[in-house]
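Right, one structure below, let's go through it.
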Amino acid sequence: MNSWVSEQTAHILVADDEPQNLRILTELLSDTYAVHPFSDGASLLRYLDKGKPADLIMLDVIMPGASGFEVCEKIRSRSAYQDVPVVFLTSLDSVKDEARGLSLGGVDFIIKPFSPLVVLARLRNHVRLGLATRYIQTQNELLENTVQDRTRTLATILEASPIGLITIDGVGTVKTCNPAAGSILGSQSTDIVGSPLRGGLADHIAGDELQSLAAGKRIPGFERNLKRPDGSSVTVRCSASSLQDDKEGYKGAVIAIEDVSEQKLIEYQLHHAQKMEAIGRLTSGLAHDFNNLLTVVIGNLDLMDKVLPESSPVREFMSNALNGSLRSAELTRQLLAFSRKQVLQQRLVDVNRLVRSMITLLSRTLGDTVEVKLAEQNDLWPVLVDPSQLDTAVLNLASNARDAMPKGGTLTISTSRRTLTKDQTNGKCEIPAGDYVVIEVQDTGIGMPSEVADRIFEPFFTTKALDKGTGIGLAMVYGFVKQSGGAITVTSEVGSGTTICLYLPRATEIQAQDDVLPATLTKTAESGGKTILIVEDCIPIQMLARHQLTNLGYKVIVADSALHGLAVLENGVTVHVLFSDVLTPGGMNGIDLARTAKSRWPDLRILLTTGSLDEALRHEVNEIGLSILIKPYRQSDLEQKLNETIG
Ligand SMILES: Nc1ncnc2c1ncn2[C@@H]1O[C@H](COP(=O)(O)OP(=O)(O)OP(=O)(O)O)[C@@H](O)[C@H]1O
Ligand SMILES: [Mg+2]
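Note that the numbering used here has the sequence shown beginning at 17, numbered continuously upward.
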């Protein structure tokens, strides 16, 4: 920054055609200043044309060639010397001349003969004033450059900022709006500026908030869901700070807006996944225990059925109890489906064929008021799913659609191939990239608000009357689709209807080759004389299995743990079939036992039983190629599985 120029280094130019005057003035001023004498105006002007410094110029008014006034005019026409103070020297005390000199920018008029002391004092004042003026001008220029620099930097920051920044005036009219704010709010910045603040932001920054801002307070972060002019919505986090002026006080506010939609979505997905995982763990534990209990109940009812005389009046009660138990088993199965721990019987499925085969049943079930439409895309890829589960899933969706259309409507089931080239977030569901067969179930029903749509896959979440819904239907669909490696999306609008899409992954070629339908067994195996080793720790189930197998004509040995079972086999007792629970106590489970037994006694036939199977165990079972009997089972199921196993 320029500092004040010292008076001693000031340059004074003097032009006078009278040599004596010139000499006196030069001597007078030389003590204090750098003096440059000229005998006429032309030589002074030539000196200036070289760009030499001049802090004050003294001009004799009457000079040969150009007069002092003419020289002054020429000095003023040179931009670098426009503001240099000019003092005129004259021997005529004429008001007219003085007026002309001052009008040309002269700062003083000195009448000859002059008193050296007065001249010195007056010149000193002019030199100081001139220097001060120049200093202020330089400072002003510097200041102006600094302001311009800062303004440019600020404009670049505003332009590049991903955070939307809006300024409003004291009455809430938008004064400025950066591009990020425009794109977050879905409008051109130019449409926003000059208008009052609109939408959810205006709702928040009004009333109390405006008063807080006027009082100089800051409004800390708040979140809002805003609707853009094109109808899309965005979640923003905003904060506002008051703009205060020392003199006028409150001038308006700066509002910062950040688009947090994606962050909110990820938070939601994480929260939702954790919630579903927790509910899944809870339900699968419950369902597993239930299946064991139901195995005992159903199995014993079956046994009673075998021993009760045909005419017994107890038969009716028993049949009711059995129906109730079977219905409980169905509910438990759906719970397990939700927690992705059911034992799936996956096959290569032609989705079009499966859906087509359901249409008549659906039309009948949904009643006359609901029109059922099917829109198939040809040449669908095969998918590897459990067909009976897929049946149930579509049925569940259709029955929900019927409930959503009490006055009738249209249910459209469409099938299509879809290739996602990158991971997609559809609604609130993550779908990995890949090839999918999509089953879309669309109704024209009542739709649902987002609070309901957010929870529909939770087990036991229902909006229906107690006797109308259990809240298990979609939980089953969700679990089944997830367990099959797929995804599910929901789009719904209150009053317009709902669309649920099941994304089922295309079966790979290896899966297609591996899919060998099991031979349907018609043959009944010879049970006579064959020995079955039961490995089961639950005593009632153990007793039941013993009864059932004895009824079927097998000899039975019982072990209450896998290690115990292994010891029996090692003892050399002849065992034809190992029938083991999967979850057995004592550190060795049924699958470990089966693996060991298979390698040591290759002729031994193995059948496992379980109420639920998690991903890791399911993988092991498939790897070893074991047969599984699902709990709860009836004696006939056990008989059929044994026949398949013995071959
Ligand atoms: N197509 C739909 N239209 C509107 N709301 C729906 C639709 N499908 C599901 N819902 C909502 O989701 C909730 C959960 O559905 P879900 O199928 O899991 O249970 P439910 O139908 O209530 O009972 P359940 O299927 O066990 O008999 C329903 O109660 C309903 O509020
Ligand atoms: Mg339902």
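In this text, a Cβ means the ideal position worked out from N, Cα and C, and glycines have one as well.
Assign residue i to buried or exposed, taking buried as 16 or more other Cβ atoms, counted over all protein chains shown, within 10 Å of its Cβ.
i	result
Ser355	buried
Ala735	As shown, the chain starts at 17 and ends at 663. That puts residue 735 outside it, with no answer to give.
Arg349	buried
Ala303	buried
Gln499	buried
Phe476	exposed
Thr25	exposed
Gln458	buried
Asp630	exposed
Tyr649	buried
Phe496	buried
Arg621	buried
Pro101	buried
Pro521	buried
Leu133	exposed
Phe595	buried
Val111	exposed
Ser512	exposed
His220	buried
Asn307	buried
Gly296	buried
Ile644	buried
Are there any heavy atoms of ligand 1 lying less than 7 Å away from the beta-carbon of residue i, as far as the coordinates show?
i	result
Gly487	yes
Met292	no
Val468	yes
Phe306	no
Phe477	yes
Thr311	no
Ala666	What is shown of the chain runs 17 to 663, which leaves residue 666 out entirely.
Thr514	yes
Asp439	no
Gly495	no
Met374	no
Lys739	No statement about residue 739 is possible, as the shown extent of the chain runs from 17 to 663 and does not include it.
Gly461	yes
Met334	no
Ile504	no
Ile472	yes
Excluding sequence positions up to five away, which residues of its chain have a Cβ less than 8 Å from the Cβ of residue i?
i	result
Lys539	Reliability fails at Lys539, whose pLDDT of 39 lies under 50, so the model's placement of it is uncertain and the value that follows must be treated cautiously. Answer for Lys539: Asn659, listed in chain order.
Lys128	Asn37, Leu105, Thr106, Ser107
Glu34	Asp76
Thr255	Note on residue identity: the sequence assigns Ser, not Thr, to residue 255. Arg234, Ile235, Pro236, Gly237, Phe238, Ile271, Ala272.
Gln260	Gly232, Tyr266, Lys267
Ser404	Gln361
Gly84	Ala31, Gly57, Leu75, Asp76, Val77, Ile78, Phe104, Leu105, Thr106, Gly117
Arg244	Leu201, Gly202, Ser203, Val250
Leu582	Met604, Leu609, Thr612, Ala613
Ile447	Leu436, Asp439, Gln440, Thr441, Ala503, Thr505, Tyr519
With respect to 7 Å, is the separation between the Cβ of residue i and the closest non-hydrogen atom of ligand 2 below this value?
i	result
Leu490	yes
Ser415	yes
Asn412	yes
Here's a check: name, in chain order, each residue in its chain whose Cβ is nearer than 6 Å to the Cβ of residue i, leaving out the five neighbours to either side.
i	result
Val51	Ile28, Thr42, Leu45
Thr626	Val598
Ile208	Val190, Cys193
Lys571	Thr547
Does ligand 3 have a heavy atom nearer than 7 Å to the CB of residue i?
i	result
Arg244	You won't find ligand 3 in this model; what it holds is ligand 1 and ligand 2.
Which residues in the same chain have their Cβ closer than 7 Å to the Cβ of residue i, if we skip the five residues on either side of it in sequence?
i	result
Glu655	Leu568
Val388	Ile375, Leu378, Ser379, Leu382, Leu427
Val87	Ala31, Gly57, Leu60, Leu61, Leu75
Val574	Ile550, Gln558, Arg562
Leu633	Val598, Ile607
Val123	Pro101, Val102, Val103, His142
Leu352	Ser300, Ala303, Gln358, Ser628
query: Do the segment 127-146 and the segment 177-188 touch if we need at least three Cβ pairs shorter than 8 Å?
result: no
- prompt: In the segment 238-271, which residue ranges form an unbroken alpha helix (DSSP H) of at least 4 residues, counting only runs that do not cross its ends?
  reply: none
- request: Please determine if the segment 268-283 and the segment 324-339 are in contact, where contact requires at least 3 C-beta pairs separated by less than 8 Å.
  value: no
task: Count the CB pairs spanning the segment 545-560 and the segment 390-403 that are closer than 8 Å, and state whether there are at least three.
output: no
Contained alpha helix (DSSP H) runs [length at least 4] in the segment 174-214, N- to C-terminal order: 195-201, 205-208
At least three beta-carbon pairs within less than 8 Å, the segment 435-452 to the segment 482-492: no
message: Would the segment 411-424 count as touching the segment 451-469 if we require 3 or more Cβ pairs under 8 Å?
response: yes
message: Check whether the segment 283-292 and the segment 256-268 are in contact - that is, three or more C-beta pairs closer than 8 Å.
response: no
Alpha helix (DSSP H) runs wholly inside the segment 618-650, at least 4 long, in chain order: 631-640
- prompt: For the segment 275-350, which segments carrying the alpha helix (DSSP H) assignment without a break, of at least 4 residues, lie completely within its bounds, in sequence order?
  reply: 277-323
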